[in-house]
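Written below as structure tokens is the structure these notes are about.
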Amino acid sequence: MIKIQEVYYESEGKSILKDISLEIKQGEFLAIVGPNGSGKTTLIKHLNGILSPTKGKVEVDGLDTCERARDIMKKVGIVFQNPDDQIINSIVEEDVAFGLENMKVSTGKIQEKVDGMLSKIGISELAKENVNNLSFGQKQLVALAGILVMEPKHIVFDEPFSWLDPKNKGRIKKIMESLNKAGTTIIMVTNNLTDISSDRVVLLHKGRKAFDGEKSSLTKDILRKAEMDEL
Ligand SMILES: Nc1ncnc2c1ncn2[C@@H]1O[C@H](COP(=O)(O)OP(=O)(O)O)[C@@H](O)[C@H]1O
Ligand SMILES: [Mg+2]
């Protein structure tokens, strides 16, 4: 369970998130939508303690993200939009192993898990490649593998489809669905409503929650007010 309680976030004197409250149950599939600059990325950075609210509180499975950031990092995996922010090692399989090494998993087990994940994501042939030689979409898949291999209970995807070709987009969608079926919470940030396969949608506009409910209840009027009417 993720609980966001009356969260405000300010940076450099600018108010970026305003009075956001949100409860996300274990195993839910939730989409967060909103125009560019509406605060989506800032909000998800609060889910694993990368950012702390200026006011309000975020709890993951009963742990306060301000106090228990290390524990929460293991529970909440975030796949960021730009894989360059996330990739640390230059060789693909070493990068995917990085999180597990930090979690003190044994070397044999790490190799097994990394191989399994590369195969699941369909990038086994990239295992020994230098990350710098990969395309942006391939790097996104490497970053994704590095998160999934840690088996977090809650996974957040920040605009996962922006750089992927249709084949990889379909593959990632399937992975999301199967993880969700197995009980993992999936939170997907997007600004493309057609990408949303979940029922629940949270709409952000200028740092505020403009809508939280079934996708089918999103009216043209709500979307227009949130500057999402072109979609
Ligand atoms: N570190 C920062 N310092 C100051 N302003 C920021 C920072 N990060 C983001 N912002 C601003 O916060 C607002 C929300 O940004 P962001 O969360 O990235 O939006 P989104 O992901 O919805 O496009 C934008 O106006 C952006 O310029
Ligand atoms: Mg963003």
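All residue numbers for the sequence shown refer to this note's numbering, where the first residue is 346 and numbers rise by one.
Note that beta-carbon positions come from the ideal geometry of N, C-alpha and C, so glycine has one too.
Item, Value
"Check this for me: beta carbons of VAL501 and ILE541, under 7 Å apart or not?", "no"
"Does the count of Cβ pairs from the stretch 547 to 564 and the stretch 374 to 389 closer than 8 Å reach three?", "yes"
"Got a sec? Which residues, its chain only, sit under 7 Å from LEU362 by beta carbon, not counting five neighbours each side?", "VAL352, TYR353, TYR354, GLY384, THR387, LEU388, GLY552"
"With hydrogens ignored, establish whether the beta-carbon of THR535 is closer than 6 Å to any heavy atom of ligand 2.", "no"
"Residues in its own chain within less than 8 Å of LYS419 by CB, not counting five upstream and five downstream?", "MET448, MET495, PRO497"
"For ARG415, name the three-state secondary structure that DSSP assigns.", "helix"
"Determine the DSSP secondary structure at MET533, reduced to helix, strand or coil.", "strand"
"Counting only runs that start and end within the stretch 534 to 569, where is the alpha helix (DSSP H) found for 4 or more residues in a row?", "none"
"Helix, strand or coil for ILE361, going by three-state DSSP, please let me know.", "strand"
"For LYS385, is the beta carbon positioned less than 6 Å from some heavy atom of ligand 2?", "yes"
"Evaluate contact between the stretch 432 to 443 and the stretch 390 to 402, counting only Cβ atoms and requiring at least three cross-stretch pairs below 8 Å.", "no"
"Please name the residue or residues paired with GLN350 in a DSSP beta bridge.", "LYS402"
"Just curious, the alpha helix (DSSP H) that LEU493 is in, first and last residue?", "481 to 493"
"Is it the case that the CB of ILE468 approaches a heavy atom of ligand 1 more closely than 6 Å?", "no"
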